[in-house]
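Enquirer: What follows is a single structure, and I will ask about it in a moment.
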Amino acid sequence: MADTLTVHRAGLATVQDLGRFGRSRYGLPVNGALDQHSARVANVLCGNDEGAPLIEITALDFSCTPSTDVLMAVTGAPADLTVDGVARPQWEPVSVRSGQTIRITGIRVGIRVYLAVLGSVDAPWLQGSCAPDTILGFGRALRDGDEVGLRTHCPPIDHPHFRIPLFRLHAPVRRFHAAWTIDVTDGPDRTEFGDTAERLFRSPYTVSPQSNHIGLRLRGDVPRRVATGEVLSRGVPVGAVEVPAGDELLVLHRGRGVTAGYPVLAVVTATGLSALGQAGPGQAVRFRHRTIAEAVTAYRSQRNAVNALKARVRSAFEALRIPVPLSP
Numbered sequence: 001m002a003d004t005l006t007v008h009r010a011g012l013a014t015v016q017d018l019g020r021f022g023r024s025r026y027g028l029p030v031n032g033a034l035d036q037h038s039a040r041v042a043n044v045l046c047g048n049d050e051g052a053p054l055i056e057i058t059a060l061d062f063s064c065t066p067s068t069d070v071l072m073a074v075t076g077a078p079a080d081l082t083v084d085g086v087a088r089p090q091w092e093p094v095s096v097r098s099g100q101t102i103r104i105t106g107i108r109v110g111i112r113v114y115l116a117v118l119g120s121v122d123a124p125w126l127q128g129s130c131a132p133d134t135i136l137g138f139g140r141a142l143r144d145g146d147e148v149g150l151r152t153h154c155p156p157i158d159h160p161h162f163r164i165p166l167f168r169l170h171a172p173v174r175r176f177h178a179a180w181t182i183d184v185t186d187g188p189d190r191t192e193f194g195d196t197a198e199r200l201f202r203s204p205y206t207v208s209p210q211s212n213h214i215g216l217r218l219r220g221d222v223p224r225r226v227a228t229g230e231v232l233s234r235g236v237p238v239g240a241v242e243v244p245a246g247d248e249l250l251v252l253h254r255g256r257g258v259t260a261g262y263p264v265l266a267v268v269t270a271t272g273l274s275a276l277g278q279a280g281p282g283q284a285v286r287f288r289h290r291t292i293a294e295a296v297t298a299y300r301s302q303r304n305a306v307n308a309l310k311a312r313v314r315s316a317f318e319a320l321r322i323p324v325p326l327s328p
């Protein structure tokens, strides 16, 4: 009988990976985990490849029980993580015995939590990814009572080192705030806003409840375009800060369509996109201007931290004789 994860309380959980890359020329959005950094770290902590399928839990409580011993990691927004009622840490490997119940409750500050298990979870694939696409009606949104297949790559794990505070891998944990500061670079239409472009950085914006994985709607002091010509539909990147007519900004996220016809004032950086994926309705978002060189430096720093974590995980798991699929 195949090993499974029985979902007791699904909330808004989905099975995700890092997205569908190289398919924009076919009109397919990239999609994937909105907080890419947290998703990557969850997988690395389990010894998986960064892009292995995992569970993205949004806002609501989640609980499940594995049919076999598993090694898991939970990252993302602060939450209360328990295994059979015993509190366990986030951002660290956690050993779970067959039949124990994993509960993730009280998600706060951010809105997304990631649960990865060594070997990954099973999911349908389309164009190289299991990432849900709401336009195509593809993907797996979990429901109460679902049985999620586990792709186990090793014998059951229950090692005492995963239960003592001294065994820590020092994962690069993002700081979570009630008000988010999001880095952006200049967009292609920056000059069309004249002096009003500076409004973007002067005061915070509030995340609208109408926000989703396609884009965030932000209410606040919206810059006004001074140019009068039409903006033709064109390709737009994930992270484009669009300024439609009205009193809201639209920040495109991973589920965005590949073309749009609004002026693009700025573009959120790669590190800023993961942070933006944690911003929930009613939270404040401030934008901070960065040069392209600064954005690249920040991304390299984050990547270096994840790569260093990989090396520590590989060394620790080899010392414990735990076989893992983690690639260099």
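Going by full-length UniProt numbering, the sequence shown opens with residue 1, and the numbers climb by one from there.
For every residue, glycine included, the Cβ atom is placed at its ideal position computed from N, Cα and C.
Since we're looking at a predicted model, the values are computed, not measured.
(1) Should the region 37-44 be regarded as contacting the region 95-103, the criterion being three or more beta carbon pairs within less than 8 Å?
(2) Tell me whether residue 349 is buried or exposed, calling it buried when 16 or more other Cβ atoms sit within 10 Å of its Cβ.
(3) Taking just the CA atoms, how far does R314 sit from I292?
(4) Do you know offhand how far P204's Cα is from H289's?
(5) For Q278, which of helix, strand or coil comes out of DSSP?
(6) In the DSSP assignment, the alpha helix (DSSP H) including L309 goes from what residue to what residue?
(7) On the DSSP letters alone, give me the boundaries of the beta strand (DSSP E) that Q16 sits inside.
(8) Does DSSP put H8 in a helix, a strand or coil?
(9) Whole angstroms is fine: what's the gap from S95's alpha carbon to G246's?
(10) Extract the residue ranges of the alpha helix (DSSP H) inside the region 36-111, only unbroken runs of 4 or more that lie entirely within it.
(11) Considering Cα atoms alone, identify which of G215, V243, T228 is closest to V222.
(12) With a 10 Å radius around its C-beta and 16 neighbouring C-beta atoms as the bar for buried, classify G32 as buried or exposed.
(13) Given this structure, state the Cα-to-Cα distance separating V15 from S63, to the nearest angstrom.
(14) Sort R40, L18, S24, F21 by Cα distance to N307 and report the nearest one.
(15) Tell me A260's beta-bridge partners as DSSP assigns them.
(16) Tell me which residues share the same chain as P132 and place their Cβ nearer than 6 Å to its Cβ, disregarding the 5 neighbours each side in the sequence.
(17) Identify whether G19 lies in helix, strand or coil by the three-state DSSP scheme.
(18) Could you check the C-alpha separation between T206 and N212 for me, to the nearest Å?
(19) Does DSSP put F176 in a helix, in a strand, or in coil?
(20) Any idea what DSSP makes of V324, helix, strand or coil?
(21) Just verifying my parser: in three-state terms, what is the DSSP assignment at P195?
(22) By Cβ distance, which residues of its chain are closer than 7 Å to V238, with the 5 residues on each side in sequence left out?
(23) Leaving out the 5 sequence neighbours to the left and right, which residues in its chain are closer than 7 Å to D144 when beta-carbon positions are compared?
(24) Report the partner residues of R288 according to the DSSP bridge assignment.
(25) Among the residues of its own chain, which have a CB less than 8 Å from the CB of W180, if the five just before and after it don't count?
(26) In the DSSP output, what is G239 paired with across the bridge?
(27) Which first and last residues belong to the beta strand (DSSP E) in which R143 is found?
(28) Starting from T206, trace the beta strand (DSSP E) in both directions and tell me its first and last residue.
(29) Within 10 angstroms of its Cβ, does F201 collect 16 or more other Cβ (buried), or is it exposed?
(30) Just checking, does the region 223-231 make contact with the region 191-199 on the three C-beta pairs under 8 Å criterion?
(31) Helix, strand or coil for L250? Go by DSSP, reduced to three states.
Expert: This is what the structure gives:
(1) no
(2) Shown here, the chain extends from 1 to 328; a query on residue 349 therefore has no answer.
(3) 33 Å
(4) 14 Å
(5) coil
(6) 292-319
(7) 14-16
(8) strand
(9) 51 Å
(10) 36-45
(11) V243
(12) buried
(13) 14 Å
(14) R40
(15) R234
(16) T14, G139
(17) coil
(18) 14 Å
(19) coil
(20) coil
(21) Checking the displayed sequence, the identity of residue 195 turns out to be Asp instead of Pro. Helix at D195.
(22) V30, L252, H253, R254, R256, L273
(23) V7, H8, R9, A10
(24) D183
(25) A275, L276, Q278, A279, Q283, A284, V285, R286
(26) Beta-bridge pairing links G239 to no other residue.
(27) Careful: R143 lies outside any beta strand (DSSP E) and carries neither H nor E.
(28) 205-207
(29) exposed
(30) yes
(31) strand
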